[in-house]
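Participant: In terms of my numbering, the sequence shown opens at residue 2 and continues consecutively. Where is the CB? At the ideal position from N, CA and C, for every residue including glycine. What follows is a structure written as structure tokens; I'll ask about it next.
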Amino acid sequence: MFMSQTLSLSETTSRWLLANGYTPVNLDCQRENGDTALMKATRQKELTVVKELIDRGVNLNLRNDDGNNALWYAGFGNDYILLDLLINSGININNQNDHGATVLMYAASAGKEEMVQFLLSYGADTDLKNIDDFKPIDFASTVEVWRILKNAKNSETRQAESPANEPLLFRS
């Protein structure tokens, strides 16, 4: 079984896995701090390895000992290519770690305006609260991040109240 799994992976990915203490037999294996190969490859910005792991069907939503999934590492690393790949592959964009923090909360607290907009464009939830009852807007470390989150919230409210969202029966 080891040989057939190894042969189905590229040499690059197989070498990376072995060099980083992972096995090609169990791609969802969790190592130090509960990190999976996907998490570590994302943290190291190994795009080729990340793509291949996703193509092989790894569990995108496994969480490490802190409750973070691989998206946290892409956000922390400011890697929009990996963020896009992971989100489009089905990772939970609203994963809350053990403190209730999401990647959107992290981006807001770090003043990453472009990332906040990026995550919002993919549907990141502005209403989730961490364990201290704070929402992403409460973490805004710059006025611009606060404006982006405030406008997103106002846009959600307007959209929910728009006539287009009323049942046809009640439209005039």
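#1: Just verifying my parser: in three-state terms, what is the DSSP assignment at L139?
#2: Hey, how far is the Cα of L39 from the Cα of R16?
#3: Y23 by DSSP, collapsed to three states: which one?
#4: I'd like to know whether the C-beta atoms of S90 and E53 end up nearer to each other than 8 angstroms.
#5: Using the Cα positions of T43 and N152, report the straight-line distance between them to the nearest angstrom.
#6: Which residue marks the beginning of the alpha helix (DSSP H) containing S9, and which one marks its end?
#7: From the beta carbon of N21, is the nearest beta carbon of chain B less than 8 angstroms away?
#8: What's the C-alpha gap between L134 and L120?
#9: Would you mind giving the Cβ-Cβ distance between T103 and T49, rounded to the nearest angstrom? I have them listed as a contact below 8 angstroms.
Facilitator: Let's see:
#1: According to the sequence displayed, residue 139 carries Asp and not Leu. Residue state, collapsed to three classes: helix.
#2: C-alpha separation (whole angstroms): 14 angstroms.
#3: coil
#4: Result no, Cβ atoms of S90 and E53 do not sit closer than 8 angstroms.
#5: Rounded to whole angstroms, the gap between the alpha carbons of T43 and N152 is 31 angstroms.
#6: 3-9
#7: Among the chains of the structure shown, chain B does not appear; only one protein chain is present.
#8: Before going on, a small fix: residue 134 reads as Asp here, not Leu. Whole-angstrom Cα-Cα distance: 21 angstroms.
#9: That pair is no contact at about 27 angstroms.
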